Amino acid sequence: MTKYQKRPLIIDTDGGVDDALAMIMALNCDQLDLKAITVVAGNIDVDQATNNVLRVIEIVQPQQLPLVAKGAKKPLLRPPLNAAGIHGADGLGELSQFKNADGSPRYPQLTLEPSSEDAINVLLQAAQEYGSELTIVTLGPLTNIATALQRDRTTLQKVGRIVIMGGAVKVSGNISPAAEFNFFVDPDAAQVVMESGIPLTVVGLDVTMKVTLPLQDLENYAQKQSSLVSQFMIDCTGIYMAFYRDNEDFFGCYLHDPLAMGVAIDPSLVSTESVYMVVETEGRFTSGMSLADLRARRDESTFPPNVDACLGVDSDRFMKLFYSLVHSRD
Ligand code: RIB
Ligand code: CA
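In my numbering, the protein residues as written are 594 to 923.
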């Protein structure tokens with residue numbers, strides 16, 4: 594691949610607020626050829642998450658429209674669990690509350706529609722067509738990826754790398770003391786992916802909780818760069834940031850999914866350790882926990898490294914990339 598050729602990418606997302614910020618980055622990134630956005634149940638149900646993806650595309654208005662394909666409605670084995678209390682009832686900060694000066698809805702009826710193609714087939718067809726040139730960035734539970742592996746393991750194993758927002762190596766979880774939300778919702782899918790043999794980069798809470806977006810900074814940015822996109826970023830993050838104000842003592846939000854997107858664009862933003870990682874699927878108190886073997890004398894023949902776990906991040910350089918990529922073209 595030449596230096597100036599765009600890299601084929603697929604985003605798999607559960608359609609929440611930080612997912613939307615990550616999608617804006619990807620849609621504006623000249624280095625990426627965003628082939629498709631596949632949708633999975635997580636932050637919100639898969640139908641609403643699909644609408645949220647379409648909403649982001651309509652607001653960004655990219656020159657090339659990515660295919661949007663609906664995927665898994667629920668985890669492999671567990672009952673569905675959502676995060677509507679954090680992302681808002683619609684998963685995007687309850688956009689219907691916002692009106693224009695003339696009283697019309699600021700976010701009217703969608704005009705774009707999803708593909709009729711099933712997300713799992715989209716993932717497998719892309720793996721077949723683009724092979725090791727393809728990167729998949731996952732921003733939600735890993736149900737679609739695991740289902741694609743179960744349907745046609747050999748084909749999905751052709752992809753170059755999967756960059757996963759999920760897990761926590763040296764820090765506590767967020768949805769439970771042990772587990773991060775994406776792995777907690779579908780631990781069985783996460784473990785299937787850990788065993789896939791595909792090159793994996795795990796962008797966990799160890800690094801995503803080191804990249805924060807204070808409301809004040811977002812407001813300053815939106816004031817300087819007034820656009821449909823910056824207005825949307827203010828509107829969709831209202832409920833999400835209030836959750837952090839009330840529960841984490843800072844008025845802003847962690848940029849979990851945007852950092853995963855940043856790592857897919859520029860892996861030098863993070864320092865990683867190649868480790869053996871598993872995801873607990875049986876634990877009464879630890880279900881969804883990502884357990885990495887960090888022992889000094891680890892036996893790599895018994896526990897062969899299967900992921901590059903992110904342990905450090907250049908937060909300042911990432912924030913520069915974030916603001917450069919959310920900057921609207923309009
Ligand atoms: O734990 C954070 C992750 O869970 C993010 O992807 C967020 O969008 C939710 O899906
Ligand atoms: Ca997400």
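Glycine included, every Cβ here is placed at the ideal spot set by N, Cα and C.
Keep in mind the model is a prediction, meaning the values are calculated, not measured.
beta-carbon residue i near ligand 2 non-hydrogen atom, thresh 7 Å
i: Asp638; result: no
i: Asp612; result: yes
i: Leu732; result: yes
i: Gly609; result: yes
i: Gly753; result: no
i: Gly766; result: no
i: Asp799; result: no
i: Thr606; result: yes
i: Asp850; result: yes
i: Gly664; result: no
i: Gly686; result: no
i: Cys759; result: The question names Cys, yet the displayed sequence has Gly at residue 759. False, no ligand heavy atom lies under 7 Å from that Cβ.
i: Gly635; result: yes
Bridge partner(s) assigned by DSSP for residue i
i: Val661; result: Ile630
i: Met870; result: Ala885
i: Gly684; result: Note: Gly684 sits in no beta bridge, so no partner.
i: Tyr847; result: Thr805
i: Ile729; result: Ile603, Ile755
i: Lys692; result: Pro698
DSSP-derived helix/strand/coil call for residue i
i: Cys903; result: strand
i: Glu812; result: helix
i: Arg754; result: strand
i: Ser864; result: strand
i: Asp711; result: coil
i: Glu803; result: Looking at the sequence shown, residue 803 is not Glu but Lys. If DSSP states are grouped into helix, strand and coil, Lys803 belongs with coil.
i: Met594; result: Low local confidence applies: a pLDDT of 47 at Met594 is under 50, so the model's placement there is unreliable, with the coordinate-based value given in what follows. Here Met594 sits in coil by DSSP.
i: Tyr723; result: helix
i: Cys829; result: helix
i: Thr606; result: strand
i: Arg838; result: helix
i: Val795; result: strand
i: Leu625; result: strand
i: Asp612; result: helix
i: Phe777; result: helix
i: Leu896; result: Going by the sequence as given, residue 896 is Phe instead of Leu. Coil at Phe896, not helix or strand.
i: Phe878; result: coil
i: Gln743; result: helix
i: Thr736; result: helix
Check: residue i C-beta below 7 Å from any heavy atom of ligand 1
i: Phe911; result: no
i: His920; result: no
i: Asp841; result: As written in the sequence, residue 841 is Glu, which differs from the Asp given in the question. Answer for Glu841: no, Cβ out of range of ligand 1.
i: Phe836; result: no
i: Met802; result: no
i: Ala676; result: yes
i: Asn644; result: no
i: Met826; result: no
i: Gly881; result: no
C-alpha distance - residue i paired with residue j, whole-angstrom precision
i: Ala694; j: Tyr837; result: 29 Å
i: Arg746; j: Ser789; result: 8 Å
i: Leu660; j: Ala629; result: 4 Å
i: Arg890; j: Arg877; result: 29 Å
i: Asp612; j: Leu798; result: 15 Å
i: Met594; j: Ser725; result: Interpretation of Met594 is limited by its pLDDT of 47, a score under 50 that renders its predicted location unreliable; no figure is taken from the coordinates.
i: Arg671; j: Asp779; result: 7 Å
i: Asn899; j: Met787; result: 7 Å
i: Ser908; j: Lys803; result: 7 Å
i: Ala902; j: Asp850; result: 15 Å
i: Leu652; j: Asp683; result: The residue asked about is misnamed: residue 652 is Ile in this sequence, not Leu. Going by the C-alpha atoms only, they are around 16 Å apart.
i: Thr895; j: Asp886; result: 11 Å
i: Gly733; j: Asn840; result: 22 Å
i: His680; j: Ile827; result: 13 Å
i: Lys666; j: Phe915; result: 30 Å
i: Thr879; j: Glu873; result: 7 Å
i: Cys829; j: Thr606; result: 16 Å
i: Leu811; j: Gly855; result: 18 Å
i: Ala738; j: Lys751; result: Sequence inspection shows Ile at residue 738; the Ala mentioned does not correspond to that position. Roughly 13 Å separates the two Cα atoms.
i: Val715; j: Ala662; result: 7 Å
i: Ser820; j: Val871; result: 43 Å
i: Ile637; j: Glu893; result: 39 Å
i: Ala642; j: Arg910; result: 30 Å
i: Gln824; j: Ser697; result: 16 Å
i: Val639; j: Arg888; result: 39 Å
CB-CB length for residue i against residue j, believed under 8 Å
i: Ala771; j: Leu735; result: Not a contact, Cβ separation roughly 17 Å.
i: Gln816; j: His920; result: Contact doesn't hold; Cβ gap of about 14 Å is too wide.
i: Phe777; j: Gly881; result: 3 Å
i: Thr731; j: Ile713; result: Not really, about 14 Å apart at Cβ, beyond 8 Å.
i: Leu647; j: Leu727; result: That pair is no contact at about 23 Å.
i: Leu904; j: Lys692; result: Not quite, the Cβ-Cβ distance comes to about 45 Å (not below 8 Å), so this is no contact.
i: Val795; j: Ile757; result: 5 Å
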